[in-house]
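Trainee:
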Amino acid sequence: MTTVPAPDSTPLPANGESECAHPLAFRQYAICLGGVVWREALRFLHQRERFVSALVRPLVWLFIFAAGFRSVLGISIIPPYETYVLYEVYITPGLMAMIQLFNGMQSSLSMVYDREMGNMRTLLISPFPRWFLLGAKLFAGVAVSILQVYAYLLIAYFWEIEPPTKWGYLTVLPALALAGLMLGALGMLLSSLIKQLENFAGVMNFVIFPMFFASSALYPLWRVKESSPWLYYACAINPFTHAVELIRFAFYQKIAWDSAAAVLAYTSVFLIAAIRAYDPAKGLLTRKGG
Amino acid sequence: MREEAPALAVKNLSHAYGARKALDDVSFNVARGSFAALLGLNGAGKSTLFSLVTGLFAARGGSVEIFGFDIARQPGEALRRLGVVFQARTLDLELSVMQNLLYHAALHGIGPVEGRRLAQAALARAGLAERANDKARDLSGGQMRRVEIARALLHGPRLLLLDEPTVGLDIKARADILAHVRDLVRTQGLGVLWTTHLIDEIDDGDQVVVLHQGKMLASGAAAGIVSAQGAKNIGEAFERLTGGATR
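These protein sequence lines are chains A and B, in that order. Counted from 1, the first sequence has number 73 at position 73 by my numbering; the numbering is strictly sequential. Counted from 1, the second sequence has number 137 at position 137 by my numbering; the numbering is strictly sequential.
This is the structure:
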């Protein structure tokens, strides 16, 4: 047992004494957002294994899976590509989206963990509105996922996988932000529905794998349509397909309008549902006893 | 009117999880600058009450006001006047003590420069100034609690809520945390609601709220409750009130 030195008697700060309401200023919102992003970045830096595994996962797909399948799967010329492309080039946008998918689910896992451990409460007793706190947390997660994607692109560059012009690295950024928001909001919604950490493995099986495989990440949808129309329809409504296509086109300095609209719509639905789930009056958190 | 509002006013508070009633018509006040103990066994409804007061859940019935601000209607105003120490350890173990405090400051809209100044003062008050750069993981259980108290007071609230803050601590650390909080009440005029199931943490002069199976059985000065029950001490009074429920 360590001995605690005698405390000094510095008076407490007096902010809490004011009797009148003071709305929070815009500057304070910015400080709060900055603080949440800063903490998320610090946590990420402290979890080196998380960074390494986030990077290794797509690289395994790229170096092993894609290398093995490049001769089996022929890709015809489909937009946004104007020539035949190697299979590695085709699956790169899917792998970028996969990084974000895993990151979104990882954030949701950490939210369930935080909730079980009580850390979530320190966030939720902040005086800022809850939608803003959840939005800040989401934003922080997206920022971290974008860093991971660029780290992947750097390695892919040395494998000669790059956009047609260097501008592609810039034009893909808004697409990554939007796709990250959608997948992060989905993760947040799932985190409110999962009562305990143990249930999370199920989410991996029932959310990540179906979303990834029933999408245009690994094969173009026309190929899916040839083998099974039903699977094609499932792929076509899969939010992940639209995230992949949005990224694929943006990487080639083009905009996939229908995918952009779909991603925006899915983001709104997931976000509204997540904020609702964390709302104290309507929220699902109340189901938990205490 | 707010100048006269108590630090905490709980009015006819009720809550249920599905069909199970967790709190039934509970009302009490915590006066400014006073130490109040919420006494009850495990499952008495203390944690539910805590979640309702901090706005984590919305109550099914009744209201909670912090310095006159209703937690349901003006949650921002109520929460900024409130400091909370949860039962579970909520420090980020991977981060340093200072980083934990700066994160809390940001969550209250306090920037890093002002946050650092307040954090240093808060750590000095807790007697942990020299541990600022240590990882939270390296602190003892008692020190973590002191940091959590320092953190809860960083933004200058005048009401501090502590949910069973001494659970899991050794005897010396328990006494130390209790003395630290009582000292804050005495010297700084802080209002405190201290949740516990440990009778020996209660002094004769404290205000006590006895909670049992979601119902409030008694509220008032400890000495008054003891004499009303014709008991020798608060422990015996508690036994009589709860019908001999074992501790």
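Ideal Cβ placement from N, Cα and C applies to all residues, glycine included.
Would you list, in sequence order, the uninterrupted beta strand (DSSP E) runs of no fewer than 3 residues that lie entirely inside the region 132 to 173 of chain B?
Mentor: Taking only runs of at least 3 residues, the beta strand (DSSP E) segments lying wholly in the region 132 to 173 of chain B are 159 to 163.
Trainee: Residues in its own chain within less than 6 Å of residue 178(A) by CB, not counting five upstream and five downstream?
Mentor: Excluding residues within five positions, the ones whose Cβ falls inside 6 Å are 263.
Trainee: Check each residue of the region 73 to 96 of chain B: if its Cβ is closer than 9 Å to any Cβ of chain A, include it; give the result in chain order.
Mentor: Residues passing the 9 Å Cβ filter: 74, 75, 76, 77, 78, 79, 80, 81, 82, 83, 84, 86, 87, 88, 89, 90, 91, 92, 94 and 95.
Trainee: In the DSSP assignment, the alpha helix (DSSP H) including residue 190(A) goes from what residue to what residue?
Mentor: Segment 168 to 193, the alpha helix (DSSP H) holding residue 190(A).
Trainee: At what residue ranges does the region 208 to 244 of chain A contain a whole run of the beta strand (DSSP E), taking only runs of 3 or more?
Mentor: Here no run is fully enclosed.
Trainee: Where residue 67(B) and residue 7(B) are concerned, what is the direct C-alpha to C-alpha distance, given to the nearest angstrom?
Mentor: Each residue's alpha carbon lies about 5 Å from the other.
Trainee: Using 8 Å as the cut-off, can you tell me whether the region 150 to 158 of chain A makes contact with the region 50 to 59 of chain A, which would need three or more C-beta pairs spanning the two stretches below that distance?
Mentor: Enough Cβ pairs lie closer than 8 Å, so yes.
Trainee: Count the other CB atoms, across all protein chains shown, that sit within 10 Å of the CB of residue 128(A); report buried if there are 16 or more and exposed otherwise.
Mentor: So residue 128(A) ends up on the buried side.
Trainee: If you draw a straight line from the C-alpha of residue 57(B) to the C-alpha of residue 51(B), how long is it?
Mentor: Cα to Cα, residue 57(B) sits roughly 6 Å from residue 51(B).
Trainee: Measuring alpha carbon to alpha carbon, tell me which residue in 115(B), 102(B), 96(B) and 104(B) is nearest residue 137(B).
Mentor: Minimum Cα distance to residue 137(B) is reached at 96(B).
Trainee: Here's the rule I'm using: 16 or more other beta-carbon atoms within 10 Å means buried, otherwise exposed. How should residue 148(B) be labelled?
Mentor: Buried, because 16 or more other Cβ atoms sit within 10 Å of the Cβ of residue 148(B).
Trainee: Identify, in the order they occur along the chain, each residue of the same chain with its Cβ nearer than 8 Å to the Cβ of residue 70(B), setting aside the five sequence neighbours on each side.
Mentor: 63, 64 and 78.
Trainee: Within 7 Å of any Cβ in chain A, is that where the Cβ of residue 109(B) sits?
Mentor: It does; some Cβ of chain A falls within 7 Å.
Trainee: Put residue 17(B) into one of helix, strand or coil per three-state DSSP.
Mentor: Of the three classes helix, strand and coil, the one that applies to residue 17(B) here is strand, per DSSP.
Trainee: If residue 145(A) sits next to residue 274(A), beta carbons under 8 Å apart, how far is it from one beta carbon to the other, in whole angstroms?
Mentor: Residue 145(A) to residue 274(A), Cβ: 17 Å. No contact.
Trainee: Skipping 5 residues on each side, what residues in its chain have a beta carbon closer than 8 Å to that of residue 130(A)?
Mentor: Once the five neighbours on either side are set aside, the close Cβ partners of residue 130(A) are 124, 275, 278, 279 and 280.
Trainee: Closer than 6 Å by C-beta to residue 214(A): which residues in its own chain qualify, once you throw out the five before and the five after it? Chain order, please.
Mentor: Closer than 6 Å at Cβ, skipping near neighbours: 234, 235 and 238.
Trainee: Between 195(B), 119(B), 200(B) and 94(B), which has its C-alpha nearest residue 105(B)'s C-alpha?
Mentor: Taking only the C-alpha atoms, the option nearest residue 105(B) is 119(B).
Trainee: Write down every uninterrupted run of the alpha helix (DSSP H) in the region 70 to 137 of chain B whose length is 4 residues or greater and which is fully enclosed by it, in chain order.
Mentor: For the region 70 to 137 of chain B, whole alpha helix (DSSP H) runs of length 4 or above, ordered along the chain, are 75 to 80, 97 to 107 and 112 to 125.
Trainee: Can a CB atom of chain B be found closer than 7 Å to the CB of residue 109(A)?
Mentor: So no, residue 109(A) is outside the interface.
Trainee: So within the region 9 to 60 of chain B, which uninterrupted alpha helix (DSSP H) runs reach at least 4 residues, ignoring any that extend past its ends?
Mentor: Segments of the alpha helix (DSSP H) lying fully in the region 9 to 60 of chain B: 46 to 53.
Trainee: May I ask you to verify whether the region 198 to 212 of chain B touches the region 113 to 128 of chain B, counting CB pairs closer than 8 Å and requiring at least 3?
Mentor: Result no; under three Cβ-Cβ pairs closer than 8 Å.
Trainee: Taking Cβ positions, are residue 165(B) and residue 151(B) nearer each other than 7 Å?
Mentor: No. Outside cutoff.
Trainee: Which residue wins for smallest C-alpha separation from residue 243(A), given the options 230(A), 231(A), 115(A) and 258(A)?
Mentor: Nearest of 230(A), 231(A), 115(A) and 258(A) to residue 243(A), Cα basis: 258(A).
Trainee: Bridge partners of residue 195(B), per DSSP?
Mentor: Residue 195(B) is bridged to 38(B) and 163(B).
Trainee: Can you look up residue 221(B) in the DSSP assignment and give me helix, strand or coil?
Mentor: Residue state, collapsed to three classes: strand.
Trainee: If you draw a straight line from the alpha carbon of residue 280(B) to that of residue 94(B), how long is it in whole angstroms?
Mentor: Nothing can be reported for residue 280(B): it is not among the residues displayed for chain B, which extend from 1 to 247.
Trainee: Smallest Cα separation from residue 29(A): which of 185(A), 80(A), 61(A) and 132(A)?
Mentor: Answer by Cα proximity: 132(A).
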